[in-house]
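**Q** Protein chains in written order, with my numbering: chain G, 1287 to 1403; chain A, 2 to 116.
Think of the CB as a built atom: it goes at the ideal place given N, C-alpha and C, for glycine as much as any other residue.
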């Protein structure tokens, strides 16, 4: 069965600090997809990135970067020079492609990030 | 393109009642999934519909049901409401253009309170 673990339930940083959110996953599938979503106080889940299991290249998008390592089953997310607007709950999620689970996402428990001015 | 829309945004019901939530996917998206979010259980998958057929169902009792219409709009129904059904219900849509899985885009959610 698939599982996603976000060990950090809450992180507090001061603006302009860098912060890394950890994500560890478990799956028996050889083909799978990993996602990060942001949930601001409004409640809507905002898609940030999708990475498939065959692409271990790190990705950078502005102040955001992602480090995918299959050897450690991790997909970590780093925010550089954090800003108050980054305050939200961040979810890591997994979707398997080779079973009959359809388009089901399994989510981690989320990490609440608080960026203080 | 307009995003995923959900109605109503807020709902208050009493135990034993039933409720229907509605979701309109992004135009062109044929897959609609539903998730329940609670402080205790986190985000849990309810079910997914594609081309009016339920493709997969999560581990929820039969009181939770759904359907999808020919225009891809979806509804979910919860009968005989219990206090524990109080949650944020999120709908997500994907295009699933020839793939089994695809990025899901979420709506703002319906916050259901059961008294």
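Contact criterion: CB-CB distance below 8 Å. Does residue 108 of chain A meet it with respect to chain G?
**A** yes
**Q** Does residue 1336 of chain G get closer than 8 Å to chain A when you measure Cβ to Cβ?
**A** yes
**Q** Are the C-beta atoms of residue 1381 of chain G and some chain A residue less than 8 Å apart?
**A** yes
**Q** Identify the contact partners of residue 1311 of chain G in chain A, using a Cβ-Cβ distance below 8 Å as the criterion.
**A** Chain A residues near residue 1311 of chain G: none, gap ~15 Å exceeds 8 Å.
**Q** Against chain A, does residue 1353 of chain G count as a neighbour if the rule is that its beta carbon must be under 8 Å from one of theirs?
**A** no
**Q** State the Cα-Cα distance for the pair residue 1352 of chain G and residue 1379 of chain G, rounded to the nearest angstrom.
**A** 14 Å
**Q** From which residue to which residue does the beta strand (DSSP E) around residue 1397 of chain G run?
**A** 1397–1402
**Q** Whose CA, out of A/49, A/79 and A/30, lies closest to the CA of residue 96 of chain A?
**A** A/30
**Q** Identify every residue that forms a DSSP beta bridge with residue 93 of chain A.
**A** A/34 and A/107
**Q** Answer with yes or no whether the minimum CB distance from residue 12 of chain A to chain G is below 8 Å.
**A** no
**Q** Just to confirm before moving on: does the CB-CB distance between residue 1389 of chain G and residue 7 of chain A stay below 8 Å?
**A** The Cβ-Cβ distance between residue 1389 of chain G and residue 7 of chain A does not fall below 8 Å.
**Q** Restricting to Cα atoms, I'd like to know which of A/113, A/102, A/116 and A/75 is closest to residue 27 of chain A.
**A** That would be A/75, whose Cα lies nearest to the Cα of residue 27 of chain A.
**Q** Would a C-beta distance cut-off of 8 Å place residue 1307 of chain G and residue 1397 of chain G closer than the cut-off?
**A** yes
**Q** Name, please, each residue of chain G whose Cβ falls closer than 8 Å to the Cβ of residue 102 of chain A.
**A** 1319, 1381, 1382, 1383, 1388 and 1389
**Q** Reducing DSSP to helix, strand and coil, say where residue 1 of chain A ends up.
**A** Any property of residue 1 of chain A remains undetermined from this structure, which presents chain A solely from 2 to 116.
**Q** Would you call the CB atoms of residue 90 of chain A and residue 18 of chain A closer than 8 Å?
**A** no
**Q** Pull up the CB-CB distance for residue 1401 of chain G and residue 1301 of chain G, whole angstroms please, since I reckon it's below 8 Å.
**A** 6 Å
**Q** Grab the span of the beta strand (DSSP E) containing residue 67 of chain A for me, first residue to last.
**A** Residue 67 of chain A -> beta strand (DSSP E) spans 65–69.
**Q** Kindly indicate which residue of A/51, A/15 and A/16 has the alpha-carbon position closest to the one of residue 32 of chain A.
**A** A/51
**Q** Using the rule of at least 16 other Cβ atoms within 10 Å of the residue's Cβ for burial, across every protein chain shown, is residue 1369 of chain G buried or exposed?
**A** Residue 1369 of chain G comes out exposed.
**Q** Measure from the C-beta of residue 69 of chain A to each C-beta in chain G and report whether the shortest distance is under 8 Å.
**A** no
**Q** For residue 1343 of chain G, does the count of other Cβ atoms within 10 angstroms reach 16, so buried, or fall short, so exposed?
**A** Classified as exposed, residue 1343 of chain G has fewer than 16 neighbouring CB atoms from the shown chains inside 10 Å of its CB.
**Q** Am I right that residue 88 of chain A and residue 113 of chain A are in contact with their C-beta atoms under 8 Å? What's the rounded C-beta distance?
**A** The pair is a contact, with the Cβ atoms about 6 Å apart (cut-off 8 Å).
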